[in-house]
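With the first letter of the sequence shown counted as 1, position 176 gets the number 179 in the working numbering; the numbers rise by one all the way through.
Even glycine gets a Cβ: it sits at the ideal position worked out from N, Cα and C.
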Amino acid sequence: MPKTRGMTQHSQLTRLGLFDARVPRYTSYPTAPHFAGGGGAGEFTRWVREIPENATISLYLHVPFCRRLCWFCACRTQGTATLSPVLAYVQTLLAEIALLGRHLPKGVTLSRLHWGGGTPTLLPPDQITTLAEAIFAILPLAEGGEFSVEIDPNEVDGPRLDALKAAGMNRASIGVQDFDPLIQETIGRTQSYELTKQVVDQIRERGILSLNADILYGLPHQTTERISESVQKLLTLSPDRVALYGYAHVPWMSRRQQMIPSDVMPTPEERLDLFETAEKLFEWDGYRAIGIDHFARPTDGLAIAQATGHLRRNFQGYTDDTAPILIGLGASSISRFPQGYAQNASGTSDYTKAIRAGQFSTHRGHAFTAEDRLRGRLIEAVMCDFHISRAEILASFDVSPERLQSLLETTAHAFPGMVTLDDRGLTILTQGRALTRMIARSFDAYDQTKAQHSAAI
Numbered sequence: 004m005p006k007t008r009g010m011t012q013h014s015q016l017t018r019l020g021l022f023d024a025r026v027p028r029y030t031s032y033p034t035a036p037h038f039a040g041g042g043g044a045g046e047f048t049r050w051v052r053e054i055p056e057n058a059t060i061s062l063y064l065h066v067p068f069c070r071r072l073c074w075f076c077a078c079r080t081q082g083t084a085t086l087s088p089v090l091a092y093v094q095t096l097l098a099e100i101a102l103l104g105r106h107l108p109k110g111v112t113l114s115r116l117h118w119g120g121g122t123p124t125l126l127p128p129d130q131i132t133t134l135a136e137a138i139f140a141i142l143p144l145a146e147g148g149e150f151s152v153e154i155d156p157n158e159v160d161g162p163r164l165d166a167l168k169a170a171g172m173n174r175a176s177i178g179v180q181d182f183d184p185l186i187q188e189t190i191g192r193t194q195s196y197e198l199t200k201q202v203v204d205q206i207r208e209r210g211i212l213s214l215n216a217d218i219l220y221g222l223p224h225q226t227t228e229r230i231s232e233s234v235q236k237l238l239t240l241s242p243d244r245v246a247l248y249g250y251a252h253v254p255w256m257s258r259r260q261q262m263i264p265s266d267v268m269p270t271p272e273e274r275l276d277l278f279e280t281a282e283k284l285f286e287w288d289g290y291r292a293i294g295i296d297h298f299a300r301p302t303d304g305l306a307i308a309q310a311t312g313h314l315r316r317n318f319q320g321y322t323d324d325t326a327p328i329l330i331g332l333g334a335s336s337i338s339r340f341p342q343g344y345a346q347n348a349s350g351t352s353d354y355t356k357a358i359r360a361g362q363f364s365t366h367r368g369h370a371f372t373a374e375d376r377l378r379g380r381l382i383e384a385v386m387c388d389f390h391i392s393r394a395e396i397l398a399s400f401d402v403s404p405e406r407l408q409s410l411l412e413t414t415a416h417a418f419p420g421m422v423t424l425d426d427r428g429l430t431i432l433t434q435g436r437a438l439t440r441m442i443a444r445s446f447d448a449y450d451q452t453k454a455q456h457s458a459a460i
């Protein structure tokens, strides 16, 4: 497989440990394995009540059910052959929404509403309508707000799309993974290009013009030729933004991934080639690179956020949403407040039991320290902008210039030739961007030795 980098640069990445490292994705700080010291049901309730009146927040709703379990997926989901558990789960969600409404201050609105899973499009049309109406009754969508839904082309039809459109969905998100039949068979996810295009056309026919798509690199049997073909097929669908995620093969954590033979996985060096091959195709087609693994049309909100310095990172990856509060509904969902994180019970039975008892199901969380806030912003700046502004950090946090300089110097010395450090701050050079998650880890004060993270590339 041909290398897209010079051998000298490739050897530098090898020397710095890129191809051996396992590091967090940093969709939060601290990362979920380190949640501790607060965030229980009592604190969650208090944090909700402390939301300022007329504030604008975000909401994530998790539907953990799938008709079939894709082998590659490591999300918290469960298979179901019937709709019975899904319908029962909706009733629990409605009770959780009502409970939330009793504690919310007046005038709070939504900047973003996202339904994820699992497979939200398993919901029948009437349940889609009921759920959306219940949410908007307590949290109306603010002007310019977005309502996005993850759509499985295998599990959606016209009536469901009609219900989502009528409910206010104005952005759709479709998972592609890869269009190659051999790869699809190996990862347990059959989804033809023809079906995907048909669903995309149906979405756009209903006036839903904003489209996200996910595609994976590092899949079994994937080669630069195969990923090139899949990316070019995806480009014919003209998504507004694309997430190019690295497949995390963690069969020791996700039992279903044991169905995928490990001996057909690309090497770390090959994974980098796969990423760079896809990256070039997106950029040739006019997409702008966003952070470490997203691409967007210049007119998309994500590209605008990057250009204006408002790009942020949350549990869904990169976002243009600047709301300081994200509330998660449903089993395993995580909420973020200025005070800290709070995660709902992961198991649907534990989640349901708590909600039916009239209590929030929060089972763990993390109350931020001043150090968490400082390091969290350093990490977010690295992940979003490849740059830490010295002036911004000194103006926003109670940190001395000497201590900030020490933190930045430690990182600069650890990655020679990959970052620069000057009066403005620390900047990751283009040749060092593959190391971004490792550079972010250098600002992480928590012990990473016991956490089982995904590969750095």
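Beta-bridge pairing of residue 61 - partner residues as DSSP gives them: Residue pairing by DSSP places residue 61 opposite 115, 329 in a beta bridge.
If contacts are defined as beta-carbon pairs under 8 Å, then residue 121 and residue 66 qualify, I think. What distance do you get, rounded to the angstrom? With a Cβ gap of about 4 Å, residue 121 and residue 66 count as contacting.
Where does residue 216 land, buried or exposed, given buried means 16+ other C-beta within 10 angstroms? Burial call: buried.
Completely contained beta strand (DSSP E) runs for the segment 129-181, where each covers 3 or more residues: Correct list: 144-154, 174-180.
Bridge partners for residue 346 per DSSP, in chain order? In DSSP, residue 346 forms a bridge with 337, 367.
For residue 414 and residue 383, I'd like the C-alpha separation in whole angstroms. Straight-line measurement puts the Cα of residue 383 at about 15 Å from the Cα of residue 414.
Straight-line Cα distance separating residue 140 from residue 363: The alpha-carbon atoms of residue 363 and residue 140 are separated by roughly 19 Å.
If we count the other Cβ atoms within 10 Å of its Cβ and call it buried at 16 or more, is residue 108 buried or exposed? By the Cβ-count criterion, residue 108 is exposed, with fewer than 16 other Cβ atoms from all chains shown falling within 10 Å of its own Cβ.
Burial state of residue 208, where buried means 16 or more other Cβ atoms lie within 10 Å: By the neighbour-count definition (other C-beta atoms within 10 Å, threshold 16), residue 208 is an exposed residue.
Is the separation between the beta-carbon of residue 181 and that of residue 233 shorter than 9 Å? Cβ atoms of residue 181 and residue 233: closer than 9 Å.
Host alpha helix (DSSP H) of residue 304 (start-end): Per DSSP, residue 304 belongs to the alpha helix (DSSP H) from 304-311.
May I have the straight-line CA-CA distance separating residue 258 from residue 72, to the nearest angstrom? Rounded to whole angstroms, the gap between the alpha carbons of residue 258 and residue 72 is 11 Å.
By Cβ distance, which residues of its chain are closer than 8 Å to residue 200, with the 5 residues on each side in sequence left out? Take residue 200, set aside five residues on each side of it, and the residues of its chain with a beta-carbon closer than 8 Å to its own are 239, 240, in chain order.
Do you know how far the Cα of residue 92 is from the Cα of residue 276? Taking the straight line from one Cα to the other gives about 42 Å.
Exposure label - residue 81; buried when at least 16 CB within 10 Å: The residue in question, residue 81, is exposed, as its Cβ has fewer than 16 Cβ neighbours within 10 Å.
For residue 32, collect the residues of the same chain with a Cβ closer than 6 Å to its Cβ; drop the 5 residues on either side in sequence, then sort them by chain order. Answer for residue 32: 379, 382, listed in chain order.
Under a Cβ-count criterion, where at least 16 other Cβ atoms within 10 Å of its own Cβ denotes burial, should residue 89 be classed as buried or exposed? Taking all protein chains shown into account, residue 89 has 16 or more neighbouring C-beta atoms within 10 Å of its C-beta and is therefore buried.
With H, G and I counted as helix, E and B as strand and the rest as coil, what does DSSP make of residue 447? Three-state DSSP puts residue 447 in coil, outside helix and strand.
I'd like to know if the segment 44-61 and the segment 444-460 are in contact, where contact means that at least 3 CB-CB pairs between them fall below 8 Å. No, the segment 44-61 does not touch the segment 444-460.
So, at 6 Å on beta carbons, what are the nonlocal neighbours of residue 345 in its own chain, with the 5 sequence-adjacent residues on each side left out? These residues qualify, in order along the chain: 42, 47, 338, 365, 368.
Using a Cβ-Cβ cut-off of 6 Å (strictly less than) and excluding sequence neighbours within five positions of residue 26, which residues of its own chain qualify? Excluding residues within five positions, the ones whose Cβ falls inside 6 Å are 440, 441, 444, 456, 459.
Just checking my contact of residue 29 with residue 274 at CB under 8 Å: how many whole Å lie between their CB atoms? Contact doesn't hold; Cβ gap of about 18 Å is too wide.
Check each candidate in 189, 136, 185 and name the one with the smallest Cα separation from residue 172. Of the listed residues, the one whose Cα sits closest to residue 172 is 136.
Measure the alpha-carbon distance for residue 58 versus residue 330 and round it to whole angstroms. Cα atoms of residue 58 and residue 330: separation of roughly 13 Å, rounded to the nearest angstrom.
Cα separation between residue 50 and residue 164? About 35 Å.
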